[in-house]
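Each remark here refers to the structure printed beneath this line.
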Amino acid sequence: MLERIEAAPKDAILGLGEAFKADPRSEKINLSVGVYQDENGKTPLLECVKEAERRLAANPTTKSYLPISGLAEYCKATAELAFGAGSEPLASKRVAWAQTPGGTGALRVSADFIAGNLKGATVWMSEPTWPNHPQIFNAAGIATKTYPYFDPPNNSLNLAGMLAPIEKMAPGDVILLHGCCHNPTGIDPTAAQWKQIADAVFARGVMPLLDFAYQGFGDGLEEDAVGLKEFCRPGAELMVCSSYSKNFGLYRERVGALFVVAPTAAAASSVQTQIDKVIRSNYSNPPAHGGEVVAAILRDADLRKQWEGEVTTMRNRINDMRHALVAALAAQDVPGDYSFMTRQRGMFSFSGLTKEQVETLRSEYAIYIVGSGRINVAGLTPANIDRVAQCIGEVVEQ
Ligand code: PLP
Ligand code: TYF
Numbered sequence: 001m002l003e004r005i006e007a008a009p010k011d012a013i014l015g016l017g018e019a020f021k022a023d024p025r026s027e028k029i030n031l032s033v034g035v036y037q038d039e040n041g042k043t044p045l046l047e048c049v050k051e052a053e054r055r056l057a058a059n060p061t062t063k064s065y066l067p068i069s070g071l072a073e074y075c076k077a078t079a080e081l082a083f084g085a086g087s088e089p090l091a092s093k094r095v096a097w098a099q100t101p102g103g104t105g106a107l108r109v110s111a112d113f114i115a116g117n118l119k120g121a122t123v124w125m126s127e128p129t130w131p132n133h134p135q136i137f138n139a140a141g142i143a144t145k146t147y148p149y150f151d152p153p154n155n156s157l158n159l160a161g162m163l164a165p166i167e168k169m170a171p172g173d174v175i176l177l178h179g180c181c182h183n184p185t186g187i188d189p190t191a192a193q194w195k196q197i198a199d200a201v202f203a204r205g206v207m208p209l210l211d212f213a214y215q216g217f218g219d220g221l222e223e224d225a226v227g228l229k230e231f232c233r234p235g236a237e238l239m240v241c242s243s244y245s246k247n248f249g250l251y252r253e254r255v256g257a258l259f260v261v262a263p264t265a266a267a268a269s270s271v272q273t274q275i276d277k278v279i280r281s282n283y284s285n286p287p288a289h290g291g292e293v294v295a296a297i298l299r300d301a302d303l304r305k306q307w308e309g310e311v312t313t314m315r316n317r318i319n320d321m322r323h324a325l326v327a328a329l330a331a332q333d334v335p336g337d338y339s340f341m342t343r344q345r346g347m348f349s350f351s352g353l354t355k356e357q358v359e360t361l362r363s364e365y366a367i368y369i370v371g372s373g374r375i376n377v378a379g380l381t382p383a384n385i386d387r388v389a390q391c392i393g394e395v396v397e398q
């Protein structure tokens, strides 16, 4: 039977990471997969995480199963971080939740929940979006469609193009939005634009689903939640998928959460049972360690302060590198105005480089970026940035 099985194509982004590892050229630079690196090119283990792990190791309790929806104190702390501690949905007990294996796990649980409970709903996603988005929803048997998002000539949000299709969505459809730090474009709506989007989405009876994987990497922990908070209107429904992979550097521990905000507390209780049902037949209950670490940090005033400082350090370094790249491109006299990169937010910059230019960067210069032209700004360091700018200059002028 199995000899008839054909190989699946490699994941476009993770495949590049493998190719990078196998590349023998010593001058190689990896600006592909979305993982933060410090000024030495290392992905750090945060100091607050080390301290929380020390404390947990000093006082071990049990390795028995967690509840299906995970650690309640983790879910509560995560909800407060995303929605705000005194927010209306939490105060009215309208939020069903689950600790999930990463943001990807949250998205997949949301997809299974939609497939089982919002039958016939189409999930609409931005063009472009994270390539795993359509895969996750299609794997759950859900139809996906796209809405315009990016305005290439202006390197900005195509707000009119985004709002128009909302009018044509079927009530009950789901619109997937990036809560902040849009992957891959780095372009987020302003607070005023979020209001327009939320008005249109709710007027049409469409369910918002916010993928919130980069809180703190844009303008700040609170600032990055403005879009999400715009959807938290009295009685309004919404779903949120959170991830601590990036802002706690807990990538491999798989720490995320799903929140489903129902119109009433009673509806939230029913939704909770359906989320639990979906999880039970998938992975049964989440891994505990990452959630324990995050809860230990968020509930301890000193550790929390330390974490907020470490997030600020990561955010500032990325933003410094954005400015440094624009300056380095100008210093190399690379044709074109790259100042738009300083307006982009989060880990990525949509550079405008073509597929061919991206390919030449890899084959001739051992610089790896994603085919869409997405640069992981967090992979730039003072040591590699001039070479990156110089090589971009060479491919642009070819
Ligand atoms: N959503 C987006 C847009 C992402 O870029 C990522 C990670 O890169 C995720 C979700 C989820 O990541 P994880 O499953 O590692 O938490
Ligand atoms: O670079 C990106 O957009 C992501 C990164 O389990 C990633 O694809 C890598 C592994 C993973 C989740 C996200």
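Here the sequence shown is numbered in UniProt numbering, starting from 1 and rising by one per residue.
Think of the CB as a built atom: it goes at the ideal place given N, C-alpha and C, for glycine as much as any other residue.
These numbers were taken from a predicted model, which means no experiment stands behind them.
| Asked | Found |
| --- | --- |
| For A98 and P234, the rounded distance between their alpha carbons | 22 Å |
| Within 9 Å, strictly: CB atoms of S339 and V326 | yes |
| Three-state secondary structure assigned by DSSP to M162 | helix |
| heavy atom of the ligand TYF below 8 Å from T264 C-beta | no |
| Presumed contact (8 Å Cβ cut-off) between G186 and S349, rounded CB distance | 5 Å |
| Cβ-based burial, Q37 [other Cβ within 10 Å; buried from 16] | buried |
| Counted within 10 angstroms of its Cβ, other Cβ atoms place H323 as buried (16 or more) or exposed | exposed |
| Spatial neighbours of S110 in its chain, beta-carbon cut-off 7 Å, leaving aside the 5 residues before and after | L209, M239, C241, L258 |
| A98 - containing beta strand (DSSP E), residue span | 95-100 |
| Length-filtered (3 minimum) beta strand (DSSP E) runs lying within the segment 365-396 | 374-376 |
| Per DSSP, the bridge partner or partners of V260 | A96, M239 |
| Whole beta strand (DSSP E) elements within the segment 124-178, 3-residue minimum | 144-148, 174-178 |
| Contact shell at 5 Å, judged by CB to any heavy atom of the ligand TYF, ordered along the chain | I13, V33, G34 |
| Three CB pairs or more closer than 8 Å across the segment 311-321 and the segment 266-283 | no |
| Own chain residues within Cβ distance below 8 Å of P171, not counting five before or after | R204, G205, V206 |
| Secondary structure, beta strand (DSSP E): runs of 3+ residues fully inside the segment 182-221 | 207-212 |
| Residues near A52 in its chain [Cβ-Cβ closer than 7 Å; skip 5 each side] | V293, A296, I297, L303 |
| Cβ shell of residue 467 (< 7 Å), same chain only, five flanking positions each side left out | Within the shown structure, residues of the chain are numbered from 1 to 398, placing residue 467 beyond reach of any answer. |
| Contact test: N376 Cβ vs the ligand PLP heavy atom, cutoff 8 Å | no |
| Simplified DSSP state of G348, which is helix, strand or coil | What sits at residue 348 in the sequence shown is Phe, not Gly. Reduced to three states, the DSSP call for F348 is strand. |
| Cα-Cα separation between V261 and D219, rounded to whole angstroms | 25 Å |
| Closer than 8 Å: L157 CB and nearest the ligand PLP heavy atom | no |
| Identified DSSP bridge partners for I318 | DSSP, once it has assigned bridges, lists no residue as partnering I318. |
| Heavy atom of the ligand PLP within 8 Å of C241 beta-carbon | yes |
| Where the alpha helix (DSSP H) containing T273 begins and where it ends | 265-280 |
| Boundaries of the alpha helix (DSSP H) in which C180 is found, first to last residue | Element bounds for C180: n/a, residue is neither H nor E. |
| R374, buried or exposed, once every other Cβ within 10 Å from all chains shown has been counted against 16 | buried |
| Where I29 falls: helix, strand or coil (DSSP) | strand |
| G41 vs S245 beta-carbon contact at 9 Å | no |
| Assigned secondary structure, P287 (DSSP; H/G/I helix, E/B strand, else coil) | coil |
| Supposed contact pair G256 and A140 - C-beta distance, whole angstroms, cut 8 Å | Contact flag wrong, Cβ pair sits at about 16 Å. |
| Three or more C-beta pairs below 8 Å linking the segment 178-196 and the segment 121-132 | yes |
| Reference D337; option with closest CA among G346, V396, Y368, N316 | V396 |
| Contact under 9 Å by Cβ, A121 with I136 | no |
| Distance between V377 and I29 (C-alpha atoms, nearest Å) | 12 Å |
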